[in-house]
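Engineer: Chains as they are written, first to last, in the working numbering: chain A, 1 to 404; chain B, 405 to 808. Cβ coordinates follow ideal geometry from the N, Cα and C atoms, glycine included. Since we're looking at a predicted model, the values are computed, not measured. Sharing a structure, written as C-alpha cells. Questions coming.
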C-alpha cells in the first residue's frame, strides 16, 4: 500500500476508449491497495486548438484571460475521467488547480508553483476516494487562474508527489521509457532501468522530449522518484531517481541526437574583447537562445566565432549577426542548417578519464568530422554534418557498449 | 451613464469575427458612458459537444464532474472576449462563477443561484474596467463548480443585474425581439415594444424560446427590466418590465403556436374518482410532463380523458397509459401526433370579457375544430389539427388587431 501520483499524457486521453483504458489502469492501481492521485493533461491537440482560437482574435494573446482559456483543456479531461470512474462504481474526487489549491506566482502562461495545500486531497484519500487533479494550472495570490507553460502537467505531478510525500510519481507517456539511444535509429537500443536526475536533465536538454525540464529540476530538488512509462502497455519503464553507486559505475548511459539546431559561423573578426559578447547580447535581446558556442583565434590575430541556434530562429539570427559583423569588418558569415548535435551522457564520466577522447576517436575512425564540441561534467556533445547523424549514434552506442 | 448587464447568446460568439462584433458592441456601450457587465454563453453547439463527449463515457453522466465539464464552454468564451477587449486597448476583467462568487445550491446540472457578491465587480467598474462574467455557472458552499441548466446564462445575467442594481439587463439573442406572432407565419407580425413579466412567462411557456423561464421568474420577482434584442442588428427590441396602465389596455399581446406536443385520449373509462390521478401519477413517476388535460363525462357514466405530452415522450406515455387503461377496462385509447397548440396571451383579458369567445368564434368561422381548451388568467390555449396551425395563427392575429 503506497501513495502513487499518476500523470497521463494528452495522447492517452483522446476519445472515450482511451479515457476508459486510463481509468482501468487507475482502478488497477487502486485495487492493488494504493492511494491514487491522478494528474490529467489536456487531450492531445486541445491546447493547440485553444491557442489557435485565441490567435484568431489577437496576434499575441496573453494575460489572465489567455490562461483562463488554456486551463479549460485539463478541466475537460478531469471532468471526463471523473465521470468515467464514477460510472465504473468508484468514488472519485476531482480538483481544478484553484480547488486544491495549487498556488503559483502571477507570471501568466509560465507560472511557477509556490505552494500546494494537500489537506483536502489527504482527506479524500483517507475516505477511499481516487483523486483527480487538473495538471498545468494553478491560482495566483489574487485569485487568477494561471497556467504553468508547455508540459506543465509534469511539474504539477511532481509537485503534488512532493507535497503528498508520494512513494513515486508515475509519468504515463507515449514511449516505453528512456532508451540508451533512439530505438528508431539503433535497433539494439536498450531501455534504461534507472537513471539519475542529472543525467536525465542532460538528456532532456538534448532532445529527449519525454519529460519537461522544469519538472525534472523540481524532482531533483525534492528527490521525488519519477517512473517514466507507457500509457499504452504494462511494461516497467525508467526510474529517474537519485544517484547510487551503480549508476556512477556506468560511464555512458545514453546517446542522443538533435537535428533542431543550425550553425552560424563568423569568420575573421578582429580578435578584440567584447566581440562575442556584443553578438550574443544582441541575439538574447531578440529572444534568440544560443546553444553551443566556439571561438578560436588564428595566428593572424583574427578570430572565428561559431554558434548554434534553433533552426526556426536561423533567419532572424543570421540577419542580426550580419549587421554586427559588417560593422566589425568580418571577412565572412556562414549559415549552415545541415548540422546535427550528437551527445553522450553518463555519470561515470566524472571518474573515468578519456571518455571524450574515445568518442572523438570512434567518430574519426568512421570519417565523421567534428565541427564543434561542448562539454559538461557528465556530457560530451559534438556538432557534425547532419547526414552522419544515424551513423554517429550507432557508432557511439557500440563504442560505449550500450547494446542490450 | 448607467450600469448595464449585457448577455450574449451562443450563436453570437462562434468564431473570431462574431466575437469581435460582440466586442465592438460592448465597447460602444462603454464609450457611451455606461458601466458594462457582460455575461457570456458558451459558443452555440459547444455545450452539446461536451454533453456528447460525456455520453461516450457514461450513458447517464451526472454529478460534480459533469458540471465541471460543462462549465468549460463559458470559460472559453469569457477568455476569448477578454483577450479581444484587451487587444482592442480596453481594460477588461473576467470572472468565472467561483471568482465572483456566484453561490448556488448543490443540485448538480440544475443549480439555483443563492447569492451573488458584487463587491469585486463594483471595484472593477469603479476603476473603469469592462467586466466579463461566465454565465451558466456558479459554486456551491463546498467549493464545487455547479451549472444552472439549459439557458442558465439568462438567469446569471438577470441575477447579476439584480445584485448590481443595473438599470437594465440586455439579452442579445438571435431574434429582433418578441413579436405579436411568428413573423415566418404572419407577415404583418409586429415587434412588441413593451410586455409584462406575466405575459412573457405565458409566451415563454408556450413556445417562445427567446428567454429561459427561470430567468423570467427571477426578473419578475426582483423587478429587473429585461431588454430582449438582436446581437446582429442595432434596432431596439422588446422590453420586459412590470405592468403599467398601457399594457393592461391591450387585450391580446400575441399569438403563439407549439407543434411539439402530441395528444393521448382515453375513451370510455368508468367515471370513478382517481382514474385521472392514477394515469397522471404514473406518467409523472416516469418523468413525463403532461401539459393540457381535459376530462368530460358522457351520460352513460363513462368518461373520456384527453391530455398532451411532448412528442418525444409519446411512445413511452402511450405504453404506460395503455397498461392502465386495459386494467380499467377503457373502450379505446387514441394517440394523435398531428396536433398543434395555439394560444393568445394578454394582460387585458383580465378586464375584457369574451376574449375566449371571440377566439373560438374566429376559429369556427374558418372551419378549424377545437379539440381541447386550456386557460389561465391571461391566456387561452386550444389544441387543433396541426395542419391548420398557420391559418389559425393568422386568423387570430387579425381578429385581435395585432398587425403593424
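Do residue 675 of chain B and residue 807 of chain B have their beta-carbon atoms positioned less than 8 Å apart in this structure?
Structural biologist: Within the second chain, the letter at position 403 stands for residue 807 of chain B. Within the second chain, the letter at position 271 stands for residue 675 of chain B. Cβ distance not < 8 Å, so residue 807 of chain B and residue 675 of chain B don't count as in contact.
Engineer: Is any beta-carbon of chain A found at less than 8 Å from that of residue 443 of chain B?
Structural biologist: Here the question's residue 443 of chain B lines up with position 39 in the second chain. Not closer than 8 Å to any Cβ of chain A, the Cβ of residue 443 of chain B fails to qualify, so no.
Engineer: Restricting to Cα atoms, I'd like to know which of A/303, A/180, A/9 and A/268 is closest to residue 78 of chain A.
Structural biologist: Here residue 78 of chain A refers to the residue found at position 78 of the first chain. Here the closest residue by C-alpha is A/9.
Engineer: Within a Cβ cutoff of 6 Å, which residues of the same chain sit near residue 558 of chain B, ignoring the five residues on either side of it in sequence?
Structural biologist: Along the second chain, read from residue 1 onward, the residue named residue 558 of chain B stands at position 154. Contacts found: 615, 616 and 619.
Engineer: If contact is defined by three or more beta carbon pairs under 8 Å, each pair taking one atom from either stretch, is the region 524-544 of chain B in contact with the region 502-516 of chain B?
Structural biologist: Output reads yes: the region 524-544 of chain B touches the region 502-516 of chain B.
Engineer: Check the Cβ-Cβ distances between residue 118 of chain A and every residue of chain B, and say whether any is below 8 Å.
Structural biologist: Residue 118 of chain A sits at position 118 when you count from the first residue of the first chain. No, residue 118 of chain A lies away from the interface with chain B (no Cβ there is under 8 Å from its Cβ).
Engineer: Less than 8 Å between the CB atoms is what I'm expecting for residue 32 of chain A and residue 22 of chain A, so what's the real figure, rounded?
Structural biologist: Here the question's residue 32 of chain A lines up with position 32 in the first chain. Here the question's residue 22 of chain A lines up with position 22 in the first chain. Incorrect: roughly 16 Å between the Cβ atoms, too far for contact.
Engineer: Can you grab the Cα-Cα spacing for the pair residue 570 of chain B / residue 631 of chain B, in whole Å?
Structural biologist: Your numbering for residue 570 of chain B matches position 166 in the second chain. Your numbering for residue 631 of chain B matches position 227 in the second chain. Near 12 Å, if we compare the C-alpha coordinates of residue 631 of chain B and residue 570 of chain B.
Engineer: Assuming residue 39 of chain A and residue 7 of chain A make a contact with CB atoms under 8 Å, what is their CB distance in whole Å?
Structural biologist: As a first step, residue 39 of chain A must be located in the first chain, where it is residue number 39. As a first step, residue 7 of chain A must be located in the first chain, where it is residue number 7. 4 Å between Cβ atoms; contact.
Engineer: So which residues of chain D does residue 197 of chain A contact, with C-beta pairs closer than 7 Å?
Structural biologist: The chain inventory of the structure shown lacks chain D, comprising the protein chains A and B.
Engineer: Would residue 66 of chain A pass as an interface residue toward chain B - the criterion being a Cβ-Cβ separation below 8 Å?
Structural biologist: The residue labelled residue 66 of chain A in the question sits at position 66 within the first chain. Judged by the 8 Å Cβ criterion, residue 66 of chain A is in contact with chain B.
Engineer: Quick one: which residues of the region 435-465 of chain B get their C-beta closer than 7 Å to a C-beta of chain A? List them in chain order.
Structural biologist: Those residues of the region 435-465 of chain B that come within reach of chain A (Cβ to Cβ, closer than 7 Å) are 457, 458, 460, 461, 462 and 465.
Engineer: Inspect the beta-carbon positions of residue 343 of chain A and residue 206 of chain A and report whether they are closer than 8 Å.
Structural biologist: Locating residue 343 of chain A in the first chain gives position 343, counting from the first residue. Locating residue 206 of chain A in the first chain gives position 206, counting from the first residue. Yes. Within cutoff.
Engineer: Any contact between the region 354-374 of chain A and the region 231-249 of chain A? By contact I mean 3 or more CB pairs, one from each, below 8 Å.
Structural biologist: Not touching, per the Cβ criterion.
Engineer: Return the CA-CA distance between residue 116 of chain A and residue 160 of chain A, expressed in angstroms with no decimal places.
Structural biologist: For this step, residue 116 of chain A is matched to residue 116 along the first chain. For this step, residue 160 of chain A is matched to residue 160 along the first chain. Cα to Cα, residue 116 of chain A sits roughly 7 Å from residue 160 of chain A.
Engineer: If we call anything under 8 Å between Cβ atoms a contact, is residue 76 of chain A one with residue 476 of chain B?
Structural biologist: For this step, residue 76 of chain A is matched to residue 76 along the first chain. For this step, residue 476 of chain B is matched to residue 72 along the second chain. In this structure, residue 476 of chain B lies closer than 8 Å to residue 76 of chain A by Cβ.
Engineer: Tell me the residue span of the alpha helix (DSSP H) that contains residue 711 of chain B.
Structural biologist: Against the second chain, residue 711 of chain B aligns to sequence position 307. Not the alpha helix (DSSP H): residue 711 of chain B falls in the beta strand (DSSP E), residues 706-714.
Engineer: Closest by CA to residue 574 of chain B, which one among B/682, B/496 and B/440?
Structural biologist: Position 170 of the second chain holds residue 574 of chain B. Answer by Cα proximity: B/440.
Engineer: Check residue 138 of chain A in the structure and name its three-state DSSP category.
Structural biologist: Within the first chain, residue 138 of chain A is the residue found at index 138, counting from 1. Reduced to three states, the DSSP call for residue 138 of chain A is strand.
Engineer: Run through the DSSP bridge pairs and tell me what residue 242 of chain A is partnered with.
Structural biologist: The count along the first chain starts at 1 and reaches residue 242 of chain A at position 242. The partner list for residue 242 of chain A (beta bridge, DSSP) is empty, contrary to what the question assumes.
Engineer: Just to confirm the assignment: which complete beta strand (DSSP E) runs, minimum length 3, are found wholly within the region 160-244 of chain A?
Structural biologist: The qualifying runs are 168-173, 194-196, 226-230 and 238-241.
Engineer: Going by CA-CA distance only, name the one from B/657, B/438 and B/532 that's closest to residue 406 of chain B.
Structural biologist: Counted from its first residue, the second chain places residue 406 of chain B at position 2. Among B/657, B/438 and B/532, the Cα nearest to that of residue 406 of chain B belongs to B/438.
Engineer: Going along chain A, which residues have a C-beta under 9 Å from residue 491 of chain B?
Structural biologist: For this step, residue 491 of chain B is matched to residue 87 along the second chain. Near residue 491 of chain B (Cβ distances below 9 Å), the residues of chain A are 57, 58, 59, 60 and 61.
Engineer: With DSSP as the reference, identify every bridge partner of residue 779 of chain B, one or two as the case may be.
Structural biologist: In the second chain, the residue the question calls residue 779 of chain B occupies position 375. Note: residue 779 of chain B sits in a beta bridge opposite B/784.
Engineer: Strictly below 8 Å CB to CB, what residues from chain B border residue 94 of chain A?
Structural biologist: Position 94 of the first chain, counted from the start, is the residue given in the question as residue 94 of chain A. Per Cβ cutoff of 8 Å: 468, 469 and 472.
Engineer: Helix, strand or coil: which one does DSSP assign to residue 491 of chain B?
Structural biologist: As a first step, residue 491 of chain B is located in the second chain; it is residue number 87 there, counting from the start. Three-state result, residue 491 of chain B: helix.
Engineer: Identify the continuous beta strand (DSSP E) that holds residue 292 of chain A and give its terminal residues.
Structural biologist: If you number the first chain from 1, residue 292 of chain A lands on position 292. Its beta strand (DSSP E) spans residues 290-297.
Engineer: Taking DSSP as the reference, what is the three-state secondary structure of residue 749 of chain B?
Structural biologist: For this step, residue 749 of chain B is matched to residue 345 along the second chain. Strand at residue 749 of chain B.
Engineer: Classify residue 71 of chain A as helix, strand or coil using the three-state DSSP reduction.
Structural biologist: Residue mapping note: residue 71 of chain A aligns to position 71 of the first chain, counting from 1. If DSSP states are grouped into helix, strand and coil, residue 71 of chain A belongs with coil.
Engineer: For the 8 Å Cβ check, are there 3 or more pairs between the region 265-282 of chain A and the region 320-334 of chain A?
Structural biologist: The region 265-282 of chain A, when compared against the region 320-334 of chain A, does touch it at the 8 Å Cβ threshold.
Engineer: For a cutoff of 8 Å on Cβ pairs, would you count residue 19 of chain A as touching chain B?
Structural biologist: Looking up residue 19 of chain A in the first chain gives position 19. Output row for residue 19 of chain A: interface = yes.
Engineer: Spell out a yes or no on whether the region 241-258 of chain A and the region 343-359 of chain A are touching, meaning 3 or more CB-CB pairs, one atom from each, closer than 8 Å.
Structural biologist: Enough Cβ pairs lie closer than 8 Å, so yes.
Engineer: Measure the alpha-carbon distance for residue 192 of chain A versus residue 358 of chain A and round it to whole angstroms.
Structural biologist: Translated into the one-based positions of the first chain, residue 192 of chain A becomes position 192. Translated into the one-based positions of the first chain, residue 358 of chain A becomes position 358. C-alpha separation (whole angstroms): 22 Å.
Engineer: Check whether the Cβ of residue 379 of chain A sits closer than 7 Å to any heavy atom of the ligand SAM, and report yes or no.
Structural biologist: In terms of ligand content, the structure shown is empty, and the ligand SAM therefore cannot be addressed.
Engineer: Using a Cβ-Cβ cut-off of 8 Å, state whether residue 111 of chain A counts as contacting chain B.
Structural biologist: Numbered from its first residue, the first chain carries residue 111 of chain A at position 111. Chain B, which has no Cβ nearer than 8 Å to the Cβ of residue 111 of chain A, makes this no.
Engineer: Between residue 593 of chain B and chain A, is the shortest Cβ-Cβ distance under 8 Å, so that the two count as touching?
Structural biologist: On the second chain, position 189 is the one that residue 593 of chain B refers to. Answer no: the Cβ-Cβ gap between residue 593 of chain B and chain A never drops below 8 Å.
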